[in-house]
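Reviewing the structure listed below.
Numbering (my numbering), first residue to last: 4 to 276.
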């Protein structure tokens with residue numbers, strides 16, 4: 004009996020040890036975690052670059068291969084290409100001369116929710132939002148404290164975070180413009196599999212508006228940022244576009260606000276190259 008008790012105790016202890024061993028970070032050097040990525044101070048800017056790249060590239064290998072999103076064609080699954088399809092092809096401003104999948108349905112105003120081009124762009128929008136959310140989670144003050152990030156880099160990261168918020172607002176504006184009431188997730192939500200609550204068009208409009216106003220405060224002044232990166236005037240431009248169509252989005256005209264932000268962009272001194 005004593006032997007049986009010792010045997011059972013030993014088995015329980017060994018199982019406890021096994022469970023503890025499972026509660027670790029990956030040991031495979033090819034498995035890259037946030038702890039590894041952000042161990043290098045330069046990685047903050049590299050990840051920001053990925054947020055911008057999400058508007059143009061579809062994966063890790065061009066022209067196709069190692070896609071960001073599995074199950075969709077990397078050709079028509081590209082962000083800006085999909086956005087152009089959905090915005091322009093139903094109008095008289097563009098004609099597509101080929102017959103890929105359901106592309107002709109846009110000319111004929113005959114698409115539905117099962118359309119592969121619509122599904123591809125919808126997936127791309129929310130993948131982009133997920134990337135921005137994760138970057139914001141990884142750049143909180145608490146995270147930076149845990150990594151002993153110095154004051155100079157913190158100042159840069161503050162600007163990066165503002166740009167990430169702008170990019171997320173841009174994607175949410177695309178979602179509002181094309182789909183209206185959509186699932187809503189921010190960096191405040193836990194990572195994992197769950198069904199996000201749907202947000203109303205009014206509430207999403209208010210979120211985008213406030214995000215752009217707040218983010219602009221921490222963005223680089225007009226014409227002062229690196230080429231290709233958003234500055235305050237980019238946030239003002241998006242606010243102007245949001246206000247321009249406010250009557251369609253929320254049933255309330257905001258043309259005065261649209262003119263105000265258009266004027267701010269004009270006064271910023273941009274010229275045609």
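A virtual CB, placed ideally from N, CA and C, is assigned to each residue, including glycine.
Express the C-alpha separation of residue j and residue i in angstroms, rounding to a whole number.
{"i": "residue 123", "j": "residue 79", "result": "7 Å"}
{"i": "residue 268", "j": "residue 70", "result": "36 Å"}
{"i": "residue 136", "j": "residue 190", "result": "5 Å"}
{"i": "residue 215", "j": "residue 64", "result": "32 Å"}
{"i": "residue 47", "j": "residue 170", "result": "16 Å"}
{"i": "residue 229", "j": "residue 149", "result": "29 Å"}
{"i": "residue 258", "j": "residue 248", "result": "9 Å"}
{"i": "residue 200", "j": "residue 276", "result": "44 Å"}
{"i": "residue 9", "j": "residue 128", "result": "A caution first: residue 9 carries a pLDDT of 44, below 50, which makes its placement in the model unreliable, though a value can still be read off. Answer to the nearest angstrom: the Cα atoms are 58 Å apart."}
{"i": "residue 160", "j": "residue 151", "result": "13 Å"}
{"i": "residue 179", "j": "residue 221", "result": "24 Å"}
{"i": "residue 207", "j": "residue 246", "result": "13 Å"}
{"i": "residue 183", "j": "residue 105", "result": "23 Å"}
{"i": "residue 175", "j": "residue 211", "result": "7 Å"}
{"i": "residue 110", "j": "residue 255", "result": "30 Å"}
{"i": "residue 231", "j": "residue 55", "result": "9 Å"}
{"i": "residue 273", "j": "residue 223", "result": "15 Å"}
{"i": "residue 146", "j": "residue 155", "result": "16 Å"}
{"i": "residue 283", "j": "residue 91", "result": "Nothing about residue 283 can be read from this structure; the chain reaches only from 4 to 276."}
{"i": "residue 18", "j": "residue 240", "result": "Bear in mind that the predicted position of residue 18 carries a pLDDT of just 48, short of 50, making it unreliable; the figure below should be weighed with that in mind. Distance between the alpha carbons of residue 18 and residue 240: 59 Å."}
{"i": "residue 21", "j": "residue 61", "result": "Residue placement at residue 21 is flagged as unreliable, the pLDDT there being 48, under the threshold of 50; a coordinate-derived value is accordingly withheld."}
{"i": "residue 50", "j": "residue 162", "result": "13 Å"}
{"i": "residue 233", "j": "residue 97", "result": "28 Å"}
My guess is that residue i and residue j are in contact by the Cβ rule of under 8 Å, so how many angstroms apart are they, rounded?
{"i": "residue 67", "j": "residue 82", "result": "The pair is not a contact, with the Cβ atoms about 15 Å apart (cut-off 8 Å)."}
{"i": "residue 138", "j": "residue 85", "result": "Actually they do not touch by this definition, with Cβ atoms about 22 Å apart."}
Which residues mark the beginning and the end of the alpha helix (DSSP H) in which residue i is found?
{"i": "residue 46", "result": "46-56"}
{"i": "residue 258", "result": "258-270"}
{"i": "residue 169", "result": "154-182"}
{"i": "residue 138", "result": "119-140"}
{"i": "residue 92", "result": "No alpha helix (DSSP H) contains residue 92, which DSSP labels as neither H nor E."}
{"i": "residue 240", "result": "235-247"}
{"i": "residue 109", "result": "107-110"}
{"i": "residue 145", "result": "144-149"}
{"i": "residue 194", "result": "Per DSSP, residue 194 belongs to no alpha helix (DSSP H) and is neither H nor E."}
{"i": "residue 98", "result": "Run containing residue 98: none; DSSP gives neither H nor E here."}
{"i": "residue 38", "result": "37-40"}
Shorter than 6 Å, the distance from the beta carbon of residue i to the closest heavy atom of the ligand HEM, or not?
{"i": "residue 166", "result": "What this structure holds is no ligand at all, so the ligand HEM is not there to describe."}
I'd like to check one pair, residue j with residue i: are the Cβ atoms closer than 7 Å?
{"i": "residue 173", "j": "residue 57", "result": "no"}
{"i": "residue 225", "j": "residue 158", "result": "no"}
{"i": "residue 238", "j": "residue 218", "result": "yes"}
{"i": "residue 130", "j": "residue 72", "result": "yes"}
{"i": "residue 142", "j": "residue 168", "result": "no"}
{"i": "residue 181", "j": "residue 242", "result": "no"}
{"i": "residue 204", "j": "residue 252", "result": "yes"}
Would you list the residues sitting across from residue i in a DSSP beta bridge?
{"i": "residue 201", "result": "186"}
{"i": "residue 225", "result": "DSSP output for residue 225 lists no bridge partner at all."}
{"i": "residue 62", "result": "70"}
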